[in-house]
Amino acid sequence: MPDASRTVKITMTTLDQLSVGTSALVDSIASIKDGGDFDVSLRLKELGFVQGESVKVLHKGYFGGEPIAVRIGQSTFALRKFEAALISVTQPGSV
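Structural data, given as structure tokens:
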């Protein structure tokens, strides 16, 4: 029987909005109809930014927050803000 006193809140945002040290799950990559760039979106998917993958923000640059260093799986990537903004993520947490 489910515990009614415990609920789960899911926060949805984009990868560029996460703070350093924060982990989340990839939800989607913006498509062309959502204002995304086809080539960039395709490249992000090829790198492993696919739905359900865990991603963690490791570091943000000092000047304007760029680049953004992120870890997905065992790989670390440096993304520009506009690239990270194409990646929708969810952060599940208890309330």
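Quick note: the sequence shown uses this note's numbering, first residue 1, plus one each step.
Note that beta-carbon positions come from the ideal geometry of N, C-alpha and C, so glycine has one too.
Note that the structure is a prediction, hence the values are computed from the model and not measured.
Minimum C-alpha distance to residue i - residue among the options
i	options	result
Q91	G52, G48 and G64	G52
G21	H59, E83 and F82	H59
L109	G65, L15 and F63	This structure gives no information on residue 109, because the portion of the chain shown stretches from 1 to 95.
Same chain, Cβ closer than 8 Å to residue i, neighbours up to 5 away in sequence not counted
i	result
L47	I72, S75 and F77
Cβ-based burial, residue i [other Cβ within 10 Å; buried from 16]
i	result
S19	exposed
F38	exposed
L42	exposed
F49	buried
Q17	exposed
Cβ neighbours of residue i in the same chain (closer than 7 Å, five flanking residues each side left out)
i	result
P67	G61, A78, L79 and R80
Which residues DSSP lists as bridging residue i, in chain order
i	result
K60	I68
V26	V89
V55	A24 and I72
Test item: CB-CB of residue i and residue j under 7 Å
i	j	result
V55	A24	yes
S31	S88	no
E83	V26	no
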